[in-house]
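Written below as structure tokens is the structure these notes are about.
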Amino acid sequence: MTRKKCPFCHGLGWVCENHPLRPWSEKLGGCRCGEGMPCTCNTTEDPETRAVIVEADTTWH
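Residues 1 to 61 in full-length UniProt numbering are what the sequence shown spells out, letter by letter.
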């Protein structure tokens, strides 16, 4: 389950691995320069994977 108002993935549940603050999408504002990875709001993924992503997101602030 994802949050529809997530500021990173905009409800898609996936972000760009190179730019984890942008949705993994070809739409305006999205990015596909890297592989997709689960967003921090994506609760359908393994909890250990989400913990790594949360840590990665904090390095971009």
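All residues carry an ideal CB built from backbone N, CA and C; glycine is no exception. Every value quoted in this text rests on a predicted model; they were computed, and no experiment measured them.
- Linking residue 35 to residue 44 through their CA atoms gives a straight-line distance of about 18 Å.
- For the 8 Å CB-CB criterion, residue 29 and residue 22 form a contact.
- Checking the DSSP bridge columns, you'll see residue 14 partnered with 38.
- The three-state secondary structure of residue 23, taken from DSSP, is strand.
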